[in-house]
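Encoded as structure tokens, the structure appears first; notes follow it.
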Amino acid sequence: MTRSCAAALLTISAIACGGESNGMPREWGPLALGESERCPAVAGRYFEESSPVAWALASAHVTQGPDHEPAAFELAGDADSALHLTVVDVQGVRDSARLTKGTPYSGDYHCDDGWLHANHRHIPDQWDDAVDAPGFVVRRRALRIAPGAHGALVGRLDGTDYDEFTIWCGDGCKGIPLPWTFRTRSSWSAVDRWDPARARKPVQAATSVSNEGDRSRNEALLREEQLLEHGPLVAGQGDARQRALAALPPGMLLKAVSPRDSGWHLSVEFPELPVLERFMVGLSQSGPVAEVRILPHYRAKTTQGQWVDVVYVRYAPAGRTTP
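Letter 177 of the sequence shown, counting from 1, is numbered 824 in my numbering, and no numbers are missing.
Okay, here's the thing in structure tokens:
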């Protein structure tokens with residue numbers, strides 16, 4: 648899948664709903680649905696596009712303001728419990744949020760039939776033209792998301808029209824939807840997995856820029872793309888992050904990795920203390936490890952009832968064992 652496909656977004660196959668992938672562009676599949684009631688694996692870094700998928704997973708949760716142009720968004724963690732969202736703009740400014748799994752009536756999303764369903768009651772109407780048809784008016788919208796080919800995230804946006812039984816007109820007619828009149832038309836969109844080589848080309852090919860403001864912005868975008876591709880500039884930080892992610896038990900989020908005293912501070916969020924204990928065991932086995940311990944004075948609880956803490960780990964040089 649190319650970025651141009653995702654940017655042009657709704658490769659619009661408006662269909663009367665049948666199979667769950669009816670109308671999806673063939674090259675976007677196959678879809679990697681979750682097993683049974685489990686969520687699909689959506690963790691990864693993606694282009695921030697003007698599409699239903701990017702809106703539901705990023706823009707709806709993080710608002711950076713008119714002076715910020717998003718470049719990418721990253722989802723970390725296990726969708727079966729929660730996802731940690733980070734949005735990066737072209738200047739390198741980062742904002743984050745936590746997306747919680749719930750039911751169709753709670754949380755930021757829920758999972759069913761192998762899909763991740765966005766729990767948004769007010770999905771914007773800006774994509775309704777994709778399913779335009781004579782006599783069809785979108786009254787309800789629903790979005791489901793799953794991984795597709797080449798690491799992209801594919802979304803099916805369902806627009807539903809129906810007839811109503813009008814019961815009163817005090818301040819505008821209200822009515823009860825008649826289920827047997829429901830008509831649904833769907834459109835498909837996708838966001839590509841982040842590829843700095845592809846994203847960097849327009850910057851490198853820009854042989855002329857209109858002013859110094861444009862030049863500095865392009866250079867900032869290039870630096871951010873290199874950062875996203877190769878990890879932070881501090882030596883060893885990318886490797887420390889990968890080791891920590893490999894040791895991460897289900898339900899835990901790795902929020903930050905920062906260098907401290909010949910080692911690394913790992914900021915984590917988790918639902919209960921036994922999860923932290925499993926993480927410590929996993930870290931100690933990710934060696935060679937010289938030291939791993941929980942730092943004092945950092946532990947706290949969020950307003951959502953999650954624990955946050957900081958773990959210090961210092962890796963031994965290759966070939967050495969833990970003292």
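The beta-carbon is built from N, C-alpha and C at its ideal position, and this holds for glycine as well.
Since the model is a prediction, treat every value here as computed from it, not as a measurement.
Legend entry - DSSP three-state assignment for residue 828, whether helix, strand or coil: helix
Legend entry - Range covered by the alpha helix (DSSP H) that runs through residue 928: That run of the alpha helix (DSSP H) goes 920-931.
Legend entry - Inter-residue Cα distance where the pair is residue 940 and residue 959: 5 Å
Inset, instruction - Using the DSSP secondary-structure output, state which residues sit across from residue 902 in a beta bridge. - result: In DSSP, residue 902 forms no bridge with anything.
Inset, instruction - To the nearest angstrom, report how far apart residue 759 and residue 683 are at their CA atoms. - result: Rounded to whole angstroms, residue 759 to residue 683 spans 8 Å at the Cα level.
Inset, instruction - Can you tell me the Cβ-Cβ gap for residue 916 and residue 902, rounded? I've got them flagged as a contact below 8 Å. - result: 6 Å
Legend entry - Residue from 811, 801 and 914 whose Cα sits closest to the Cα of residue 703: 801
Inset, instruction - Determine, using beta carbons only, whether residue 946 and residue 910 come nearer to each other than 7 Å. - result: no
Inset, instruction - From the DSSP output, in three-state form, read off residue 794 for me. - result: strand
Inset, instruction - Could you check the C-alpha separation between residue 797 and residue 843 for me, to the nearest Å? - result: Whole-angstrom Cα-Cα distance: 15 Å.
Legend entry - residue 893 classed as buried or exposed, judged by whether at least 16 other C-beta atoms fall within 10 angstroms: So residue 893 counts as exposed.
Legend entry - In DSSP terms, what residue 800 is bridged to: 794 and 838
Inset, instruction - Could you say if the segment 717-724 and the segment 688-703 meet the contact criterion of at least three C-beta pairs nearer than 8 Å? - result: yes
Inset, instruction - Select from 790, 756, 883 and 890 the residue whose C-alpha is nearest the C-alpha of residue 698. - result: 790
Legend entry - Coarse secondary structure for residue 810, derived from DSSP in three states: DSSP places residue 810 in coil when its eight states are reduced to three.
Inset, instruction - Please classify residue 706: does DSSP put it in a helix, a strand, or coil? - result: helix
Inset, instruction - Classify residue 916 as helix, strand or coil using the three-state DSSP reduction. - result: strand
Legend entry - Pairwise C-alpha distance: residue 795 and residue 650: Since pLDDT at residue 650 reaches only 42, below the 50 mark, its modelled position is unreliable, and the value read off the structure follows with that caveat. Using only the alpha carbons, I get a separation of about 14 Å.
Legend entry - Per DSSP, cross-strand counterpart(s) of residue 686: Residue pairing by DSSP leaves residue 686 without any beta bridge partner.
Legend entry - Segment limits, alpha helix (DSSP H) that includes residue 885: 884-894
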